[in-house]
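Taken in sequence, the protein lines are chains H and A. Position one of the first sequence corresponds to residue 43 (this note's numbering), numbered consecutively onward. Position one of the second sequence corresponds to residue 43 (this note's numbering), numbered consecutively onward. Heads up, the beta-carbon is just placed ideally off N, CA and C, and yes, glycines get one too.
2 protein chains.
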Amino acid sequence: MADQNNLNSNEQQHDLNLPKVLIHGPQGFSSVLQPPFSQNFHILNHSSLPLHQFLATHTHHCSSVAALLCDGGYPVTADVLRLLPSLRLVVTASAGTEHVDLDESRRRGVRVAGAGNMFSEDVADLAVALLIDVVMKISAADRCLRKRVPLGSTGFPLASKLAGKKVGIVGLGKIGLEVAQRLEALDCIISYNSRTQKPLVWYPFYSSVVELASNNQVIILCCALNEQTRHVINREVMLALGKGGVIVNVARGALIDEKELLRCLVEGEIGGAGLDVFQNEPLVCQQFFGLDNVVLSPHAGFSTSESYLGICQLVGRNLEAFFSNNTLITPVI
Amino acid sequence: MADQNNLNSNEQQHDLNLPKVLIHGPQGFSSVLQPPFSQNFHILNHSSLPLHQFLATHTHHCSSVAALLCDGGYPVTADVLRLLPSLRLVVTASAGTEHVDLDESRRRGVRVAGAGNMFSEDVADLAVALLIDVVMKISAADRCLRKRVPLGSTGFPLASKLAGKKVGIVGLGKIGLEVAQRLEALDCIISYNSRTQKPLVWYPFYSSVVELASNNQVIILCCALNEQTRHVINREVMLALGKGGVIVNVARGALIDEKELLRCLVEGEIGGAGLDVFQNEPLVCQQFFGLDNVVLSPHAGFSTSESYLGICQLVGRNLEAFFSNNTLITPVI
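Structure (structure tokens):
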């Protein structure tokens, strides 16, 4: 009866003809996703066991799992795919798919659906919010007050205006464009760098990031991480950006040489940074915690209540489409 | 020789034919304003003595002071005016003029110039920044991280989207309109309350603040403080705004019944608040310091480096205009 352990009680009474869906993500993820789908799918939840142990001990259940719902950072490796022989669909609730072995999925004929552009607006909002916070020193001033620095003293940092700031965006995909539109509405002056110049975009294009940095006061990272973009923000770029310069990263931590960033922040070689992502996640370099010219965010680009609802609906629409033999809403492969 | 004490050394060598200008403000104020004007004016600085003592002991100098430059919160009372018998102009570097005895100035034929709309954009920027910070929980998340809450844990507050939020503005003067324009560009839906409906404004108008609150998710205070508006945000308004509601105050602390605000924040009757002003300034009620749904700002609506430069230029232009018999740039009386 090992196969019956660690399963939610509701699924044992469930209609066994419904497609079997395994959920692979953090606790909150399961509790959000499970209820809306439990009518149309036979939901399996391994939350009380690590996945590999669950797969090894619940072989009967796993042999008939047709779909896997996963979150970013929850690996779907070749091994996982091998232990789910009936799997036909992986739906990840994340924008990135680097945790899913796409080659092995393709080889096995397993389709993969992602979050599409579901989080683009939230990530763009966060980029703008972090920039405003760094430039206007909102968090730093709030922290000062909570440390009992008296009102009217000279202990508070002097803010700067957002309007008129020259902002260079690295990576002008969906998120980069959303950031550009928001900042243009707030009277910033936009230019960008990307692999190639965009045909239908009138913002000035710089083919090198150093050139982008030396012509702007702010750099916002919205590009993918790959071997070409790893440490794309190095010391040379930071020095080109200059002492008042601000860097905002809502993409991937390893786009920035974080050691150099810390050195430049401490030495005043750049003005400040707003960071939603870090080089060694889930660890955050503790040296950031002592700096007042940094605003830190917990890789939360998509953590609005509206997006939780949205992704939940999107996952449901992908599942329904797949099991009704319709086209996936947001296919990856 | 008492009259020569406590005066800056440069003024003793100064051309005594230049108009004599006394500076009345905090240390930083004098050091910013003094250098640019020292060529065209004979600057007096009482920074090492309280003003009344300076006026009493430097009667010779004070008898020929033609202009007074003051900051907000530095009173220019009837007594001060009496002790400066040659005074013809007061220039205050503040948006408000409540620290200047305007009746007595008028009676003595002393002109008064203010900051005009110099700070309107900064105050509007701050209102937007505080709203974004409260809604997206930027400061709260930053504080969480600095307390070593691990990335990926459920310890972080869930943010909300700014776009689509219904925002009610109380007071649609220059600042209120600037706030409305910025938030419209960020896809918020604007309505307002003011003493009377504005003829050329198409935003929906509510004649009562309770009605405004019950039709919006956010209230932003941009109105003047007077007997009609004192505690305009009371418990009834907060309950009408509701549990997810956010209040932003960049105007005056006493517009809000602060005790009730604290109670509503603690009891979850409203969602959050962004406050640049407080009821008992310079004191800030310490109960705010323990709340995560509040963003606090040190009455800093105009504290950008760009505005310091701007006000400095505006003060200079008012002085030059007055002493060349031209119209004041930003006259109050």
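Proximity to A:Ile174 across A:Thr346, A:Leu58, A:Ile85 and A:Val209 peaks at A:Val209, based on C-alpha coordinates. Neighbours of A:Arg224 across chain H, judged by C-beta separation under 7 Å: Leu228. One Cα belongs to H:Arg305, the other to H:Asp143, and the distance between them is close to 36 Å. DSSP places A:Val209 inside the beta strand (DSSP E), whose first and last residues are Lys208 to Val212.
Using a 10 angstroms sphere on the CB of A:Gln69, the tally of other CB atoms stays under 16, which defines it as exposed.
If you check the CB distance, H:Pro373 and H:Ala155 come in under 8 Å. Contact annotation for H:Pro77 against chain A: no contact, minimum CB-CB distance about 17 Å [criterion: below 7 Å]. Under the three-state reduction of DSSP, H:Val374 is assigned to coil, being neither helix nor strand. DSSP links A:Lys240 through a beta bridge to no other residue. It is roughly 11 Å from the alpha-carbon of H:Ser72 to the alpha-carbon of H:Cys354.
In the three-state scheme derived from DSSP, where H, G and I count as helix and E and B as strand, A:Tyr350 is classed as helix. Within chain A, the residues placing a beta-carbon under 9 Å from that of H:Gly194 are Pro68, Gly115, Glu323, Pro324, Pro340 and His341, ordered along the chain.
With its beta carbon at least 8 Å from every one in chain A, H:Leu303 lies outside the interface. Taking the Cα of H:Ile232 as reference, the smallest distance to any Cα among H:Ile262, H:Phe83, H:Leu97 and H:Asn368 is reached at H:Ile262.
Around the beta carbon of A:Val308, fewer than 16 other beta carbons lie within 10 angstroms, which makes this residue exposed. DSSP, reduced to helix, strand and coil, places H:His94 within a helical segment of the structure shown. Going by DSSP, A:Cys327 is part of no alpha helix (DSSP H) at all; its letter is neither H nor E.
The secondary-structure analysis by DSSP pairs H:Ser233 across a beta bridge with H:Gly210. For A:Gly316, the uninterrupted beta strand (DSSP E) segment begins and ends at Gly314 to Leu317.
A:Leu267 and A:Gly138 have their C-alpha atoms spaced approximately 11 Å apart.
Annotation: H:Asp318 to H:Ser347 spans about 18 Å, alpha carbon to alpha carbon. The alpha carbon of H:Lys301 has as its nearest neighbour, out of H:Arg277, H:Leu351 and H:Asp184, the alpha carbon of H:Arg277.
Close to chain A, meaning a Cβ-Cβ distance shorter than 8 Å, are the following residues of the region 168 to 186 of chain H: Leu168, Val170, Ala171, Leu172, Ile174, Asp175, Met178, Ile180, Ser181, Ala183, Asp184, Arg185 and Cys186. The region 212 to 224 of chain H makes contact with the region 158 to 168 of chain H, as at least three CB pairs between them are under 8 Å. The beta carbon of H:Thr346 sits closer than 8 Å to some beta carbon of chain A.
Annotated as proximal: H:Cys264 and H:Ala293, with beta-carbon spacing under 8 Å. When Cβ-Cβ separations below 8 Å define contact, A:Glu163 makes contact with chain H.
Taking a contact to require three or more Cβ pairs closer than 8 Å, the region 170 to 186 of chain H and the region 323 to 340 of chain A qualify as touching. Residue range Ser162 to Met178 is occupied by the alpha helix (DSSP H) that includes H:Val177. Of the residues assessed, H:Gly313 falls on the buried side of the cut-off, its CB having 16 or more other CB atoms within 10 angstroms.
Judged by pairs of C-beta atoms under 8 Å, the region 186 to 196 of chain A does not touch the region 190 to 199 of chain H, as fewer than three such pairs exist.
Listed along chain A are Arg185, Phe330, Phe331, Gly332 and Leu338, each with a C-beta nearer than 9 Å to that of H:Arg188. Using a Cβ distance threshold of 8 Å, H:Leu123 and H:Val152 count as a contacting pair. Within the region 243 to 254 of chain H, contact with chain A at the beta-carbon level (separation under 9 Å) is assigned to no residue. Residues of chain A whose Cβ lies closer than 8 Å to the Cβ of H:Leu200 are, in chain order, Ser345, Thr346, Ser347 and Tyr350. Only residues of its own chain outside the window of five on either side were considered, and among them Val251, Val252 and Ala255 have a CB closer than 6 Å to the CB of H:Val279, listed in chain order.
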